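J.: Numbering (my numbering), first residue to last: 40 to 156. C-beta atoms are modelled at their ideal positions from N, C-alpha and C, and glycine is treated no differently. These numbers were taken from a predicted model, which means no experiment stands behind them. Dropping the structure in here first, questions after.
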Amino acid sequence: MKSAYRPHSMSRKKDPIELFHSGQLVKVCAPMVRYSKLAFRTLVRKYSCDLCYTPMIVAADFVQSVKARDSEFTTNQGDCPLIVQFAANDARLLSDAARIVCPYANGIDINCGCPQR
Ligand SMILES: Cc1cc2nc3c(=O)[nH]c(=O)nc-3n(C[C@H](O)[C@H](O)[C@H](O)COP(=O)(O)O)c2cc1C
Numbered sequence: 040m041k042s043a044y045r046p047h048s049m050s051r052k053k054d055p056i057e058l059f060h061s062g063q064l065v066k067v068c069a070p071m072v073r074y075s076k077l078a079f080r081t082l083v084r085k086y087s088c089d090l091c092y093t094p095m096i097v098a099a100d101f102v103q104s105v106k107a108r109d110s111e112f113t114t115n116q117g118d119c120p121l122i123v124q125f126a127a128n129d130a131r132l133l134s135d136a137a138r139i140v141c142p143y144a145n146g147i148d149i150n151c152g153c154p155q156r
């Protein structure tokens with residue numbers, strides 16, 4: 040997560056909850072490890088995707104390593120609304136990861152589906 044990135048302005052229009060209450064069809068790009076990174080999210084947004092997820096990010100690595108953070112998560116001003124998905128088995132680490140990423144995200148998701156340690 041490069042320091043040059045400025046936090047999203049959390050305009051009401053970009054609020055994911057509002058999207059789901061709009062009565063319109065909401066097009067969502069689900070999280071996909073190795074695929075749904077910034078370039079892919081930029082592409083699907085061009086094809087009118089309303090809401091994107093990041094790939095699953097391991098919360099412990101994200102919290103403990105700046106290098107992991109920079110390689111696992113990049114964003115920009117157009118990358119919004121964005122849900123960041125974490126894998127975690129420790130509530131403190133999940134909460135710390137969420138706190139770090141929240142200026143750049145419109146929501147946090149925990150992956151409860153994929154087998155993880
Ligand atoms: C290559 C690949 C990577 C995926 N990675 C994740 C992931 O990181 N987190 C997650 O919750 N689901 C992951 N999934 C599951 C997808 O988010 C999605 O739920 C699944 O592909 C079903 O989508 P569909 O209902 O549009 O068919 C992945 C799926 C694929 C094909």
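For ligand 1, which residues have a Cβ under 6 Å from at least one heavy atom, in chain order?
T.: Near ligand 1, meaning a Cβ closer than 6 Å to any of its heavy atoms, lie the following residues in chain order: 69, 70, 71, 72, 74, 94, 95, 124, 150, 152 and 153.
J.: To which residues of the same chain is residue 132 closer than 6 Å at the C-beta, ignoring the five residues directly before and after it?
T.: 98, 99 and 102
J.: Please go through the same chain and pick out, in chain order, the residues whose beta-carbon is closer than 8 Å to the beta-carbon of residue 95, but skip the five residues on each side of it.
T.: 70, 72, 124, 125, 126, 150 and 153
J.: Cα separation between residue 104 and residue 130?
T.: 18 Å
J.: Determine the extent of the beta strand (DSSP E) in which residue 148 is found, giving its start and end residues.
T.: 146 to 149
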